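J.: In full-length UniProt numbering, the protein residues as written are 1 to 728. By construction, the Cβ of each residue, glycine as well, lies at the ideal position given by its N, Cα and C atoms. Bear in mind the structure is a predicted one, so any value in this text is a computation, not a measurement. Got a structure here, written out as structure tokens. Questions coming.
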Ligand code: ATP
Ligand code: MG
């Protein structure tokens, strides 16, 4: 049987287990995901219908991959392979009417949520400067994920903060309900609610999903746990996999106890431990184990590999984030020169903001990359603006979308007018869309504002009644009829070119959506956009390096991995003081990062880094010190080591990895006295900032500086003697 090829006895035990609960606990790279996939194939070969199988993965991407693999074994028609959120939105689309919503509900993402909370706070006259909307959202989300509704929350709110949150929570819920909208948390909660109040619905899903498989169970939260319990209650054919050392979503409510207590929940559970790692070299595995062993709150578990020792891990100390990025780019080019494909290389960072500098360096080195951050794209203002119009086409009662669209592009409807309409609508429990439809009845809104609102209402009506031929066409009409691109062109903003390109890219996204969905719809498109998470945007780029946050890297593997920013404050990440528990989660995150690597691992860190416009000194991450010295080579590329590096070049890594790339020339390191000059208007290239145009030269000789306006990164004043500028 294909799915029993190349498996160990332990893996076979898990794959061929059919009825009853099964727990697979194992370290990174031991084949958990592979076992789940093969087990699906095995179940089907034993005559179980794919219709009776539910597989849950952590990301949509993982779900797609799993479905693809299963397809290779046999037809998987009728099987559900999805994330919890997607599964829930599917269940709700079918039956949410039983909870008093209509089926075309809107899904609010985190930005919509933030806007709603801010506007509620404004209504309640709560100072957003004093109380942070984001922390209020977290409090509400935490409550929701513990299935605490606003009434129960209010009943137990003992201090001023919680009493205030209770008020906001209540209003927020009312707003969601009247706008026929759900936020991400609601997708899960409403599903639990539905399954609890309607035993008939629950029973139909229990009968349907007789076999449930959940990957990455260590990162499930309480509600997800509740859903899986409910669904598995009847047949108890639930198989979960997990690695407690890879639990990295505690900050989002994931609860390690779910996996720790599995045997309590299902006393007759069979437990399979996998200890052999198939992914990484011995050196990489040693590095990973030496770090994770420092966690106090963990169950000791062994992991070993028969793979080769491989190369030592390289840690590279760099001067600042630009030199770090350049160093990475240089090394990637060298690796490529040695026959490694870009797709085999991944570059991780702890925070999204770090990607900017890395991107610039990669772009300048001519290295194609794909950045995992669809959310980032879809969070951009112009994208949200256009999406608001699509949302209105689908569901005009979506107040959040209407508020965003009403004066974007500017059409003379000021905030005071909007506030008046909102007050009018709220006092009559009407939606904003209804209110603007009868604006004449709102006596507080008159004259030009009223006329502008009527025009806006008509625009939405026109858009709503356009024939829905394809999402792409609708989107183009929206852009056309709202004058959005024209509005961007007119704007004085530096980023307007960028914004236009983004809007155009959204059209590409719609095009792709149409191409992939013969039965697509605007709603389907919105759903796909809303469900794309940070974790989901590795596009299928044939030849590109992958960039992503460490969190996103979970479950993936790459022959070559770079982890940048291995510094205190970044990894472990800390805004202020950080508890021991949080440090442990950061350590697990570091463990996840390290264990993604199959053959080579580079860890980079800097001496200084720009933060809030200031270069601040950095300290190497404690996790670097925790890595066993035997598996690591340390390289120092900071400036005071330049001459050593330059003359020495004795390091083995230098020889095998950097050979193919440009070696620093003497003039790079020791600027000569003879500084060249540039003419105003001349086009130049800078190794970090890329292409730019010279605005002005100042001073002379060593003191000469030049002001350049770069395409990326804006205007910079550079010392000519050091700037490495060249004419293009
Ligand atoms: P993670 O904890 O990172 O999610 P995992 O336990 O899910 O890891 P997999 O991704 O399933 O591990 O497997 C890791 C790698 O090892 C994959 O490339 C997989 O194909 C390979 N692998 C697993 N088991 C075997 C085996 N018995 N023989 C050969 N290769 C294997
Ligand atoms: Mg896995």
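1) First and last residue of the alpha helix (DSSP H) that includes residue 88?
2) Let me know the beta strand (DSSP E) ranges lying completely inside the segment 133-204, each 3 residues or longer, listed in chain order.
3) Quick one: what does DSSP say residue 511 is sitting in, helix, strand or coil?
4) Under the assumption that residue 194 contacts residue 54 (Cβ atoms under 8 Å), give the Cβ distance between them as a whole number of angstroms.
5) Is it true that the segment 274-293 meets the segment 589-605, where meeting means three or more beta-carbon pairs spaced less than 8 Å apart?
6) From residue 503 to residue 117, what does the alpha carbon distance come to, in whole angstroms?
7) Using the beta-carbon count (16 or more within 10 Å), is residue 312 buried or exposed?
8) If I follow the unbroken beta strand (DSSP E) through residue 633, where does it start and stop?
9) If the criterion is Cβ atoms closer than 8 Å, does the pair residue 37 and residue 66 meet it?
10) Ordered along the chain, which non-local residues of its own chain (more than five positions away) have a Cβ less than 6 Å from that of residue 187?
11) Taking a cut-off of 5 Å, which residues have a beta-carbon closer than that to any heavy atom of the ligand MG, in chain order?
12) Which value, in whole angstroms, describes the spacing of the CA atoms of residue 435 and residue 602?
13) Within its chain, find whatever has a CB closer than 7 Å to the CB of residue 191; leave out the 5 residues flanking it on each side and keep chain order.
14) What residue ranges within the segment 416-496 form continuous alpha helix (DSSP H) runs of no fewer than 4 residues, ordered along the chain?
15) Can you list, in chain order, the residues of its chain whose CB lies under 6 Å from that of residue 307, leaving out five sequence neighbours each side?
16) Span of the beta strand (DSSP E) holding residue 685?
17) Mapping DSSP to helix, strand and coil, what is residue 590?
18) What is the DSSP secondary structure of residue 250, counted as helix, strand or coil?
19) What would DSSP say about residue 108, mapped onto helix, strand or coil?
20) Only counting the same chain, and skipping five residues up and downstream in sequence, which positions put a Cβ closer than 7 Å to that of residue 530?
21) Could you check how far apart the C-beta atoms of residue 544 and residue 348 are, in whole angstroms? I think they sit under 8 Å.
22) If distances are taken between C-alpha atoms only, which option among 323, 338, 244 and 478 comes closest to residue 302?
23) Looking at C-alpha atoms only, which residue of 388, 95, 680 and 69 is the closest neighbour of residue 200?
24) Kindly give me the distance between the Cβ atoms of residue 351 and residue 634, rounded to whole angstroms, as I take these residues to be in contact under 8 Å.
25) Could you give the DSSP three-state label for residue 407: helix, strand or coil?
26) Between the alpha carbons of residue 326 and residue 361, how many angstroms are there, rounded?
27) For the alpha helix (DSSP H) containing residue 42, name the first residue and the last one.
28) If you draw a straight line from the alpha carbon of residue 605 to that of residue 639, how long is it in whole angstroms?
29) Taking only heavy atoms of the ligand ATP into account, decide whether any of them is closer than 7 Å to the Cβ of residue 218.
30) I'd like to confirm something about residue 30: is its beta-carbon nearer than 7 Å to some heavy atom of the ligand ATP, or not?
T.: Quick look at the numbers:
1) 84-95
2) 181-183
3) helix
4) That belief does not hold up - the Cβ atoms of residue 194 and residue 54 are roughly 16 Å apart, past 8 Å.
5) Yes, the segment 274-293 is in contact with the segment 589-605.
6) A straight line joining the alpha-carbon of residue 503 with that of residue 117 spans about 27 Å.
7) By the neighbour-count criterion, in which a residue is buried when 16 or more other Cβ atoms sit within 10 angstroms of its Cβ, residue 312 is buried.
8) 632-636
9) Annotated as proximal: residue 37 and residue 66, with beta-carbon spacing under 8 Å.
10) 85, 88 and 89
11) 32, 33 and 555
12) Near 58 Å, if we compare the C-alpha coordinates of residue 602 and residue 435.
13) 88, 91, 92 and 227
14) 432-437, 447-464, 471-482 and 484-490
15) 281
16) 683-686
17) Residue state, collapsed to three classes: helix.
18) helix
19) In this structure, residue 108 counts as strand in the three-state DSSP scheme.
20) Answer for residue 530: 107 and 109, listed in chain order.
21) Not confirmed; about 15 Å, so no contact.
22) Comparing alpha carbon positions, the residue from 323, 338, 244 and 478 closest to residue 302 is 244.
23) Check the Cα spacing between residue 200 and each of 388, 95, 680 and 69: the tightest is with 95.
24) Residue 351 to residue 634, Cβ: 24 Å. No contact.
25) coil
26) 5 Å
27) 32-45
28) 14 Å
29) False, no ligand heavy atom lies under 7 Å from that Cβ.
30) yes
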